Structures are given as C-alpha cells and as structure tokens.
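Protein chains in written order, with the working numbering: chain A, 20 to 411; chain B, 474 to 680. Here a beta-carbon is modelled for each residue, glycine too, at the ideal position from N, C-alpha and C. Please read all numbers here as calculations on a predicted model, not as lab measurements.
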Amino acid sequence: MNGILSKANITTQGENRQKTIIIKSVLIIILLIPIPIYFLVVNLIYLQAPVENQPWVSWFDDPHQRVYVSWETEEDTIGVIYYGTDYNNLSLEITEVSAKRIHHVILEKLTANTKYYYEINIGGEIFGEGEFKTAPLSIVPFKWVMISDTQRMLGSGHHWRTAKALKGKNYSFIANIGDLVESGNWKEEFHSFFHIASSYLKKIPIVPVIGNHDSYGTSLFQDYFINGMNNPHDLFYYSFNWSSVHFQICHFPYGTESEIELQVDWIRNDLENSLILPFRIVMFHVPIIGGGFYGYNENLDTHILPILKEYNVTAVIHGHEHHYERGLMGDTMYMILGGGGGTLDPGLRPGENTECFAVTPSYTEVYADSSTLNLKTFTLTGELIDDYTLYI
Amino acid sequence: MSAFFFFTPTAVVYFSVLFQTLYLILYTLDLMKNRRFQFLKWLMNNILILSYFLFGVLCLYTGIIMLSMSWSYIDWRYQLPSVILALITGTYYTIAIILRSKAFHVLYFLPSACIFVFLFIMIFPGIIRALWMGLIGIITLLLVQLFFLLYRYYVQKSNIHWLNYRLFKKNYTFRNKYWTLFNWILWALIVTESILKLSGLSLFIWW
C-alpha cells in the first residue's frame with residue numbers, strides 16, 4: 020500500500036516538476052520575445068517602403084534661376100516634367116533623353132523669387148507633383164527649417180514624427196545636416212527616407228549635407244543628390260546665396276585631415292566671395308565641439324574654425340550627435356541638430372561653451388531678414404526649446 | 474554651463490530592459506536553489522547585487538539630474554515617462570536593497586556608491602568616450618567589483634552575520650507575490666516605454 024502511495028507521490032511530483040518546467044519556459048519566452056519581435060517587425064515594415072519615390076527638389080549654386088527635380092522609379096523609365104508659375108497651366112516641358120531609375124532633371128532660366136509648380140508624367144500618367152520657390156536676388160525676409168540625423172538606427176526612429184510636424188508648413192527649404200539614412204550603401208534605407216520625407220518634400224526643397232552614415236561603403240547618396248556633381252574627388256560640397264544669407268555646405272562626414280585638405284581652399288575662396296552678404300551659415304555634419312558621444316574634433320578646430328572666424332561666419336550648423344545643442348566657439352555660434360530621427364544620445368556632457376541643449380526630438384526654424392537671424396527650436400509637439408537671435 | 478556628465482533617461486530605460494529582464498529570468502529559473510555550482514552561484518550573486526546597486530545609483534542620478542533641470546520639462550510628454558521609470562528602477566535597485574538588508578549593509582553599499590559616483594562624475598566625465606577609446610571605464614568598474622568581492626569575502630570570513638538578503642531569493646509568501654507582480658509590471662512598463670521610445674513615442678505619446 021505504502022509502495023503504491025509512494026509511486027503515486029513520485030508520479031505527482033514528476034507531473035508537478037513537468038508543469039513547473041513548462042510554466043518557467045513560457046515565462047522565459049515571454050521575457051525574451053518582445054524586443055526581438057519588435058526589431059523584426061520594424062525591419063520588415065521598414066524594408067517594405069515603396070521603391071517609387073515622389074519628387075524632391077534641390078539645387079547647385081544658383082537657386083534663384085536653376086534647380087533640379089528628382090524622383091525614383093522601380094523600372095527604367097523616361098519621364099516628362101511639366102512646370103510653370105501657374106498651377107493650372109504648366110506651360111514648360113522637359114522630356115528625359117534616356118530611361119533611368121533615379122531621375123534628375125535640371126530646370127534652368129527660372130525667374131528669381133517666383134513660385135513654380137511641376138508635374139511629372141511617366142507613360143502618360145501622373146507620377147508626382149510639387150512646388151518650389153526660387154531664391155530672391157534682393158534681400159527679402161525668408162524662413163527655412165533644419166533637421167539632422169533622420170536615420171532610423173535602432174527601431175523605426177522618429178523621422179516619421181518630424182515629417183508629421185513639418186507637413187504643410189511653408190519654408191523656403193529644409194536643410195538636412197547629414198545622416199539622412201543609417202547606411203548609405205543600402206537602397207532600402209533611401210526608399211524609406213524618401214517615403215517618409217515625401218510628405219514635406221512635396222512643398223519644401225531639400226538642402227542635403229552628407230553625413231558619415233550616408234557615405235558608408237559604396238555610397239548611393241550622390242546618386243540621389245547631385246548637388247556636388249561637378250566637384251573633384253567625389254566630394255559633396257556646394258554653396259548658394261538666399262536673400263541675406265550665404266550658405267556653405269561642406270563635405271565633413273568625419274572631419275578627417277584628408278577631407279579638410281581637399282576642401283580648405285574652396286572654403287576660404289567661397290567665404291571670401293560671400294562677404295557682401297550680412298550672414299554666412301556654414302553647414303557640415305561633424306561638430307567641432309559638442310556635448311555628446313564624439314565631443315571634440317581637433318582637425319576641424321585646428322584647420323577650419325580659424326577660417327570660419329576669419330570670415331566672420333554667423334553660425335556653424337552640425338548634426339552627428341543625437342541631441343540639440345547651441346553654444347559658442349569664441350564669437351562663432353554653433354548648433355547641433357541631431358534630434359531629427361535617430362535614437363537619441365545615451366549620455367551628454369555639456370561643456371562650458373554650451374548655452375542650451377535638449378535630448379529630445381526636435382527641428383529648428385530660422386527667420387532671416389537684412390539685419391537679424393532668429394533661430395527657434397521646437398519639439399515635435401510644438402513646444403519651444405530655444406529661441407536665439409543674432410544681429411549684424 | 475558647467476561640465477558634468479549624465480546619462481539620458483532614454484538610455485537608462487534601454488539598459489533597464491536588460492537588467493529587469495535578467496532579473497526576472499534568474500528569479501523565474503530560481504538559480505539560487507541549485508546546490509551545485511556553489512562558487513559560481515556565490516560569485517554571480519555578488520556581482521549581480523553590486524551591478525544592480527550601481528545601476529540603481531545611475532538611474533537615480535539620471536532621474537534627479539533630469540528633474541532638476543528646467544529643460545527636462547520642455548518635452549515632458551516624451552521625457553517624463555522615462556524619468557519616472559528611471560526613478561522607480563533606481564529606488565528599487567538601491568534603496569530597496571539597503572532597506573531590506575540589515576543596517577550593516579550601508580557600511581559597504583554606500584562607500585561603493587560614493588566611489589562609483591565619484592569615479593563616474595569626477596574622473597570620467599566622458600565615460601562613454603573613455604569606454605570607446607580605451608575600455609578604461611570597464612576596467613574601473615571591474616576593479617570596483619573586485620574590491621567589493623574581496624571586501625565581502627573578508628567580512629564573511631570574519632563571521633559577521635550580515636549576509637541575510639539575497640537579491641534573487643524566491644520566497645512564496647503573500648508579500649512576495651505582490652513583489653513578483655511589481656517586478657513584472659515594472660518590466661512590462663520598461664519594455665513598453667523602450668519600444669515606444671525606439672519608435673519616437675513614449676508612454677505619454679501614443680501617436
């Protein structure tokens with residue numbers, strides 16, 4: 020009898036043990052599964068962004084009379100672009116010469132300070148449409164917006180929220196200070212970037228700056244943006260004037276000595292030629308100083324900052340570090356605008372030069388007239404983070 | 474602005490996911506009941522206790538820094554959930570350990586915390602940069618751990634009965650069921666906040 024009971028006990032114990040193992044296994048699976056599932060789902064969704072990208076507009080060195088309109092198609096196609104100043108009568112037309120997937124059509128002899136509308140036709144069907152305004156030849160007040168580091172990194176990032184915040188707003192252009200995508204040699208990243216950005220690029224031309232992630236491997240960045248197509252050494256630099264401001268965009272994804280060596284003469288000459296304008300804004304990806312992960316770049320500090328000071332540059336705009344920061348390098352103001360989309364910085368060390376910083380998704384709006392430059396930084400829900408005005 | 478280093482609450486929440494998940498895995502597996510691997514058990518228990526304690530200090534430091542700065546309120550719907558979770562986790566991993574232990578614990582927990590905070594803020598203000606450049610930070614942390622273990626070994630040898638709290642001890646009392654529930658809720662909140670943060674949202678911003 021005792022033997023039977025013992026046997027029964029052993030069986031019950033065995034069953035309990037089995038039950039415990041099952042419960043524990045289920046609990047461990049519950050604990051381990053959410054994050055990998057999230058990454059898997061996000062990546063799957065991210066890679067599903069359509070190949071066909073709606074048009075975007077950018078320019079080379081004279082946006083008052085020449086811009087380029089670009090778009091991407093799944094197959095090699097020939098597009099026709101109709102454009103004009105009257106939305107209901109797009110009287111001008113350019114047909115592409117050869118079939119391609121990434122299309123760039125240069126619109127020339129435009130009238131300064133004029134709004135243009137355009138429509139792209141492929142095979143008789145409307146592919147996309149948009150609008151842009153050319154730069155004025157005289158000094159008139161204008162507004163532009165700046166974001167940076169729209170790459171997604173871990174997870175989906177918040178570029179989609181930035182896009183939502185900018186949608187429908189009226190700016191002369193949007194400057195993206197680099198790292199538009201996480202990996203510049205991965206086409207899907209660009210597809211996703213344009214898919215998200217199309218909501219604002221339809222009405223706002225883009226002023227791209229190359230970042231370190233954009234230039235990874237066999238970078239596709241310069242296939243999508245041709246602003247620097249005539250430059251030697253495959254470098255992505257250019258400059259242009261818009262009203263009271265001269266904009267200089269440099270190729271400093273890393274800020275190495277070789278990058279500096281190849282551009283230093285151009286930087287100097289370009290700034291020399293811009294002295295007639297009240298403001299000079301220089302944009303490049305890597306900060307000279309910053310309170311984030313990368314901190315200080317000795318090469319840029321030694322070789323570039325003295326030039327910027329010599330030519331009285333109003334502000335230097337950077338990305339790279341994933342937070343918002345404004346500060347002073349002597350008399351030269353710098354900004355880091357890394358809150359455009361990627362995972363924010365894990366740690367910060369604001370320096371003695373730092374005047375304002377925030378670790379939050381953000382974008383910066385700038386108003387310029389003949390004597391003032393007002394920079395306002397907002398959260399994606401519209402709260403004001405920073406408000407700073409520069410005077411001549 | 475004076476130069477000091479701090480972790481952002483978002484990062485702290487990401488790290489918390491690792492800590493809390495590991496905690497619950499160990500708790501669920503009930504490794505401490507296993508009579509084998511005594512030395513490994515002892516070693517792991519001690520390393521984990523100190524790691525959790527120091528991480529707790531870091532969480533509290535981050536939460537307090539964020540709350541004490543006016544800019545942390547700018548985007549409160551984005552930041553506040555992470556700050557609150559950092560403070561809860563920090564309190565849980567630090568104060569709870571001290572309070573649940575005998576008073577003698579304070580004698581070694583507080584000095585380790587002070588050393589850690591001192592190293593962290595004063596000597597390695599750019600700790601991430603230090604980790605990046607030469608793994609100096611990791612070596613420092615390992616040294617702190619080593620000193621801690623040596624100290625505990627010495628105290629144990631001297632038969633002082635202070636080791637009556639085990640971080641991973643499983644006890645099926647009514648009170649501990651709530652404690653388990655609290656741990657699971659905390660884990661769920663931390664994981665949710667992390668996933669939302671990775672998507673540009675937070676527990677207070679759903680869309």
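#1: Compare the Cα-Cα distances from residue 124 of chain A to each of A:31, A:94, A:76 and A:250 and report the closest residue.
#2: List the endpoints of the continuous beta strand (DSSP E) containing residue 144 of chain A.
#3: Between which residues of its own chain and residue 113 of chain A is the CB-CB distance below 6 angstroms, once the five residues before and five after are set aside?
#4: If contact is defined by three or more beta carbon pairs under 8 angstroms, each pair taking one atom from either stretch, is the stretch 209-216 of chain A in contact with the stretch 482-493 of chain B?
#5: So is residue 651 of chain B buried or exposed if we call it buried at 16+ other beta carbons inside 10 Å?
#6: Between which two residues does the alpha helix (DSSP H) carrying residue 317 of chain A extend?
#7: Which of the three DSSP states, helix, strand or coil, is assigned to residue 556 of chain B?
#8: Output yes if chain A places a C-beta closer than 8 angstroms to the C-beta of residue 645 of chain B; else output no.
#9: Do the stretch 663-675 of chain B and the stretch 167-184 of chain A meet, that is, are 3 or more Cβ pairs less than 8 angstroms apart?
#10: Which residue from A:186, A:225, A:80 and A:122 puts its Cα closest to that of residue 151 of chain A?
#11: May I ask you to report which of helix, strand or coil DSSP gives residue 528 of chain B?
#12: Given a cut-off of 8 angstroms on the beta-carbon distance, is the pair residue 223 of chain A and residue 255 of chain A in contact?
#13: Who are the Cβ neighbours of residue 204 of chain A in its own chain at under 7 angstroms, not counting the five residues just before and after it?
#14: Kindly indicate which three-state DSSP category residue 302 of chain A falls into: helix, strand or coil?
#15: Quick one: Cα of residue 481 of chain B to Cα of residue 361 of chain A, how far?
#16: Could you give the distance in angstroms between the alpha-carbon of residue 322 of chain A and the alpha-carbon of residue 290 of chain A?
#17: With a cut-off of 8 angstroms, do at least 3 Cβ pairs link the stretch 348-367 of chain A to the stretch 307-316 of chain A?
#18: For residue 334 of chain A, list the residues DSSP reports as bridge partners.
#19: When DSSP labels each residue in this structure, what does residue 87 of chain A get in the three-state scheme?
#20: Decide if residue 146 of chain A is buried, meaning its Cβ has at least 16 other Cβ atoms within 10 Å, or exposed.
#21: Distance cutoff 8 angstroms, beta carbons only. Does residue 404 of chain A sit that close to anything in chain B?
#22: Terminal residues of the continuous alpha helix (DSSP H) containing residue 207 of chain A?
#23: Does the Cβ of residue 670 of chain B have 16 or more other Cβ atoms within 10 Å, making it buried, or fewer, making it exposed?
#24: Along the chain, where does the alpha helix (DSSP H) containing residue 227 of chain A start, and where does it finish?
#25: Report the three-state DSSP secondary structure of residue 344 of chain A (helix, strand or coil).
#26: Relative to chain B, which residues along the stretch 356-371 of chain A have a C-beta separation below 8 angstroms, given in chain order?
#27: If residue 207 of chain A and residue 66 of chain A are in contact, beta carbons under 8 angstroms, what's the gap, nearest whole angstrom?
#28: Enumerate in chain order the residues of its own chain whose CB-to-CB distance from residue 567 of chain B is below 7 angstroms, with the five nearest sequence positions on each side excluded.
#29: Anyone know if the C-beta pair for residue 246 of chain A and residue 227 of chain A falls short of 8 angstroms?
#30: Look at residue 299 of chain A and residue 331 of chain A and say whether their C-beta atoms are less than 8 angstroms apart.
#31: Residue 672 of chain B versus chain A: which residues are under 7 angstroms apart at the beta carbon?
#32: Assuming residue 401 of chain A contacts residue 167 of chain A (C-beta within less than 8 angstroms), just tell me the rounded distance between them.
#33: Exposed or buried, which one is residue 126 of chain A when buried takes at least 16 other CB atoms within 10 Å?
#34: For residue 554 of chain B and residue 403 of chain A, I'd like the C-alpha separation in whole angstroms.
#35: So residue 297 of chain A contacts chain E; which residues on that side make the cut at Cβ distance below 7 angstroms?
#36: For the alpha helix (DSSP H) containing residue 501 of chain B, list its first residue and its last residue.
With the given structure in hand:
#1: Cα-wise, what sits closest to residue 124 of chain A is A:76.
#2: 144-152
#3: 100 and 124
#4: no
#5: Exposed, by the Cβ-count rule.
#6: 317-322
#7: Look at residue 556 of chain B here: in three-state DSSP terms it is helix.
#8: Since pLDDT at residue 645 of chain B reaches only 40, below the 50 mark, its modelled position is unreliable, and no value is offered.
#9: yes
#10: A:225
#11: helix
#12: no
#13: Closer than 7 angstroms at Cβ, skipping near neighbours: 235, 236, 237, 238 and 239.
#14: Residue 302 of chain A falls in the strand class under three-state DSSP.
#15: Residue 481 of chain B and residue 361 of chain A: Cα-Cα distance of roughly 14 angstroms.
#16: 15 angstroms
#17: yes
#18: A:300 and A:352
#19: Strand at residue 87 of chain A.
#20: buried
#21: yes
#22: 206-220
#23: Counting of Cβ neighbours within 10 angstroms places residue 670 of chain B among the buried residues, the total reaching 16 or more.
#24: Looking at the DSSP string, residue 227 of chain A is not in any alpha helix (DSSP H); the run it does join, the beta strand (DSSP E), is 225-227.
#25: strand
#26: Result list: 360, 362, 363, 364, 365, 366, 367, 368, 369, 370 and 371.
#27: Going by Cβ atoms, the distance from residue 207 of chain A to residue 66 of chain A rounds to 5 angstroms, so yes, they are a contact pair.
#28: 526, 529, 530 and 533
#29: Yes, the pair counts as a contact, with Cβ atoms nearer than the cut-off.
#30: yes
#31: 174 and 175
#32: No, residue 401 of chain A and residue 167 of chain A are not in contact; Cβ-Cβ is about 19 angstroms, not under 8 angstroms.
#33: buried
#34: Roughly 20 angstroms between the two C-alpha positions.
#35: Protein chains in the displayed structure are A and B, and chain E is not among them.
#36: 482-502
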